[in-house]
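*Asks:*
There are 2 protein chains.
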Amino acid sequence: MPKMSNIEQSTEEKIKEAARKVFMRKGFSATRTRDIAEEAGINLALLNYYFRSKKKLFDEIMQEKFKKLFGVIVPILNDTATSLETKVELVASGYIQVLLENPDLPIFIFNEIRKEDSSIVQNIKFDKIIVNSSFMNQLKERRNDVNPIQFLISILGMTIFPFIAKPMMLFSGMTNEETFTVLMHERKELIPIWAKAMLESK
Amino acid sequence: MPKMSNIEQSTEEKIKEAARKVFMRKGFSATRTRDIAEEAGINLALLNYYFRSKKKLFDEIMQEKFKKLFGVIVPILNDTATSLETKVELVASGYIQVLLENPDLPIFIFNEIRKEDSSIVQNIKFDKIIVNSSFMNQLKERRNDVNPIQFLISILGMTIFPFIAKPMMLFSGMTNEETFTVLMHERKELIPIWAKAMLESK
DNA sequence: GTCTATAAGGGGATAGAC
DNA sequence: GTCTATCCCCTTATAGAC
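Residue numbers (our numbering), protein chains in the order written: chain A, -8 to 193; chain B, -8 to 193.
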């Protein structure tokens, strides 16, 4: 065990921190273990000493990020004590906050999962938590004429999509970093209003 | 020039067709030129004979796909002859149709653009067509209390996001291929209804 | 135009000294 | 635990025969 102070991270944590950064930016395939080692300020051999292989290191980061993306939403959608409206508010505000701090998270996850060889996903137990959630039941009660999945996708889309489109929005000059952040804070309030309107539509 | 019949594609087109398939599925970095050659049923050397390098081939495909993604939307949003409601209908139905035929398109584009070295984007002239479009003006007139970008992102998000989330939805058992298609056809009508409700909200 | 063979280099992983 | 040096396969790209 290396010495640990309040200031310094352990070598293992330095490598993980660097791996988070590089993997998130470039994805699995485009990332070189040498990039991670350099970013961590350590030698390439140490990476293999601690994590055995690039893939094993990646899987750990992926697990982490996956939990981060779904950890926000699952407890909110499953809480039988809150109303439909409250859930939407909590999802919008909670998610947007997390994504402002981790803007690459959604596109990273959705892209890596798309690849057929994505053994990452195999390891993750996907209960049907969301489909059977309190939120879905409440949607069914409120509007039995529309498949509740349609509402779910729309609310998640309104919340998450801006972060997926962000790089293109920046490049196209549609926004800049500061404006984007302001827009996202505004959305915390807009999405609940719009969701309400959608639920009452027609 | 190779002989061309009605049935056979030229070698160049066979390579491009294979490249579309493999690049779209795996992205630039995870794709090996050998995969493309094999998929095309030709020799690896021919790929370089026709396209000089993996990167040049990729750039051609990227250009194509980029145009496909924006070609649908730009003419619709810029048509001064149509109403706001009509534009939403056309975007929803047109986009969903294209995406049902090319479900990987959005995640491919958004992911490749995210990478900083994405020289692809440099080559593409990003006029501020969308920001200055007829659609944006109509939004401003209708609701001067909300930034029109907020509506734009929401409508695009409701349309495009399901396709980005599709692999995860399939894996989680939330839907299967057939149900997904049905849901997307339903959305062609739902999105205009919801957009109307959002525009009238509060 | 199309092939086989091979050059040239990149990148993951390990051996072995300290 | 950490380093340097190195192995070795894989991948892109080209040379050169047909």
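Just so you know, even glycine gets a beta-carbon here, dropped at the ideal spot from N, CA and C.
1. Please report the straight-line C-alpha distance between B:F49 and A:K193, rounded to a whole angstrom.
2. Return helix, strand or coil for B:I121, following the three-state DSSP convention.
3. When you compare the CB of B:N138 with every CB in chain A, is at least one pair closer than 8 Å?
4. Spatial neighbours of A:I100 within its chain, please: C-beta separation below 7 Å, excluding the five flanking residues on both sides.
5. With DSSP collapsed to three states, give me the class of B:K47.
6. Kindly say whether A:F152, judged by its beta-carbon, lies nearer than 8 Å to any beta-carbon of chain B.
7. Beta-carbon of B:V89 versus every beta-carbon of chain A: anything under 8 Å?
8. Quick one: give me the first and last residue of the alpha helix (DSSP H) that A:V194 is part of.
9. Does the segment 180 to 189 of chain A come close enough to the segment 16 to 25 of chain B to have 3 or more Cβ pairs within less than 8 Å?
10. Cα separation between B:T22 and A:V63?
11. Just checking, does the segment 27 to 39 of chain B make contact with the segment 74 to 88 of chain B on the three C-beta pairs under 8 Å criterion?
12. Who are the near neighbours of A:R133 in its chain, counting only those whose CB is closer than 7 Å to its CB and skipping five residues on each side?
13. Relative to the C-alpha of B:V122, which candidate in B:I104, B:L143, B:S44 and B:F42 has its C-alpha closest?
14. Between B:A10 and the rest of its own chain, which residues show a CB-CB distance below 7 Å, the 5 nearest in sequence each way excluded?
15. Buried or exposed: A:T71, going by 16 or more other Cβ atoms within 10 Å of its Cβ?
16. Between the beta-carbon of A:L81 and the beta-carbon of B:F152, is there less than 8 Å?
17. For chain B, is any of its Cβ atoms less than 8 Å away from the one on A:K193?
18. Output the distance between the C-alpha atoms of A:Q141 and B:T150, rounded to the nearest integer angstrom.
19. Is B:S145 closer than 8 Å to B:N199 when the C-beta atoms are compared?
20. May I ask which residues mark the beginning and end of the alpha helix (DSSP H) holding A:M189?
21. Within 10 Å of its beta-carbon, does B:S96 have 16 or more other beta-carbons around it, so buried, or fewer, so exposed?
22. Which chain A residues sit within Cβ distance under 7 Å of B:V122?
23. Cβ atoms of A:I155 and A:I67: under 8 Å apart, would you say?
24. Cβ of B:S44 less than 8 Å from any chain A Cβ?
25. Note down, in chain order, each residue of its chain lying with its Cβ closer than 7 Å to the Cβ of A:M175, except the 5 sequence neighbours on either side.
26. Within 10 angstroms of its Cβ, does A:E4 collect 16 or more other Cβ (buried), or is it exposed?
27. Counting C-beta neighbours from all protein chains within 10 Å, is the total for B:T195 16 or more, i.e. buried, or is it exposed?
28. For B:E(-1), does the three-state DSSP call read helix, strand or coil?
*Replies:* On the basis of the supplied data:
1. Counting from 1 along the second sequence, the entry for residue 49 of chain B is found at position 58. Counting from 1 along the first sequence, the entry for residue 193 of chain A is found at position 202. Going by C-alpha positions, B:F49 is about 46 Å away from A:K193.
2. Here residue 121 of chain B is taken as the residue at index 130 of the second sequence, counted from 1. B:I121 falls in the coil class under three-state DSSP.
3. The count along the second sequence starts at 1 and reaches residue 138 of chain B at position 147. Chain A, which has a Cβ nearer than 8 Å to the Cβ of B:N138, makes this yes.
4. Translated into the one-based positions of the first sequence, residue 100 of chain A becomes position 109. Here A:I100 has K56, F57 and L60 as same chain residues with Cβ atoms under 7 Å from its own Cβ, once five neighbours each way along the sequence are excluded.
5. To locate residue 47 of chain B, count along the second sequence from 1; it is residue 56. Residue state, collapsed to three classes: helix.
6. For the purposes of this step, residue 152 of chain A is taken as the residue at position 161 of the first sequence. Yes, its Cβ sits closer than 8 Å to a Cβ of chain B.
7. Within the second sequence, residue 89 of chain B is the residue found at index 98, counting from 1. Taking Cβ atoms only, chain A never reaches closer than 8 Å to B:V89, which makes this a no.
8. Absent from the model: residue 194 of chain A. The displayed extent of chain A is -8 to 193, so no value can be given.
9. Output reads no: the segment 16 to 25 of chain B does not touch the segment 180 to 189 of chain A.
10. On the second sequence, residue 22 of chain B is found 31 positions in, with the first residue counted as 1. On the first sequence, residue 63 of chain A is found 72 positions in, with the first residue counted as 1. Rounded to whole angstroms, the separation of the alpha carbons of A:V63 and B:T22 is 34 Å.
11. Three or more Cβ pairs closer than 8 Å define a contact, and the segment 27 to 39 of chain B falls short of that threshold against the segment 74 to 88 of chain B.
12. As a working mapping, residue 133 of chain A is identified with position 142 in the first sequence. Only L75 and L190 meet the Cβ criterion.
13. Walking along the second sequence from the start, residue 122 of chain B turns up at place 131. The candidate whose alpha carbon is nearest that of B:V122 is B:L143.
14. For the purposes of this step, residue 10 of chain B is identified with residue 19 of the second sequence, where counting begins at 1. Cβ within range, chain order: I27, L48 and I52.
15. The residue given as residue 71 of chain A occupies position 80 in the first sequence. By the neighbour-count criterion, in which a residue is buried when 16 or more other Cβ atoms sit within 10 angstroms of its Cβ, A:T71 is exposed.
16. Residue numbering aside, residue 81 of chain A sits at position 90 when the first sequence is read from its first letter. Residue numbering aside, residue 152 of chain B sits at position 161 when the second sequence is read from its first letter. In this structure, A:L81 keeps its C-beta atom at 8 Å or more from the C-beta atom of B:F152.
17. Mapped onto the first sequence, residue 193 of chain A falls at position 202. True, the Cβ-Cβ gap to chain B drops below 8 Å.
18. Here the question's residue 141 of chain A lines up with position 150 in the first sequence. Here the question's residue 150 of chain B lines up with position 159 in the second sequence. Going by the C-alpha atoms only, they are around 11 Å apart.
19. Because residue 199 of chain B is not part of the residues shown, which for chain B are -8 to 193, the question remains open.
20. Taking the first sequence and counting its residues from 1, one reaches residue 189 of chain A at position 198. It spans E168 to L190 - the alpha helix (DSSP H) in which A:M189 sits, taken as one unbroken run.
21. Taking the first residue of the second sequence as position 1, residue 96 of chain B is located at position 105. It should be pointed out that residue 96 of chain B corresponds to Leu in this sequence rather than to Ser. Buried, since its Cβ has 16 or more Cβ neighbours within 10 Å.
22. On the second sequence, residue 122 of chain B is found 131 positions in, with the first residue counted as 1. Those are M165, listed as they occur along chain A.
23. As a working note, residue 67 of chain A is residue 76 in the first sequence. As a working note, residue 155 of chain A is residue 164 in the first sequence. Their beta carbons are not under 8 Å apart, which means A:I67 does not touch A:I155 by this criterion.
24. Residue 44 of chain B sits at position 53 when you count from the first residue of the second sequence. Chain A, which has no Cβ nearer than 8 Å to the Cβ of B:S44, makes this no.
25. As a working note, residue 175 of chain A is residue 184 in the first sequence. Same-chain partners within the cutoff: I87, L91 and P153.
26. As a working note, residue 4 of chain A is residue 13 in the first sequence. Under the 10 Å beta carbon count, A:E4 is surrounded by fewer than 16 other beta carbons and is classified as exposed.
27. Outside the modelled stretch of chain B, which goes from -8 to 193, sits residue 195 of chain B, for which no answer is possible.
28. Mapped onto the second sequence, residue -1 of chain B falls at position 8. Reduced to three states, the DSSP call for B:E(-1) is coil.
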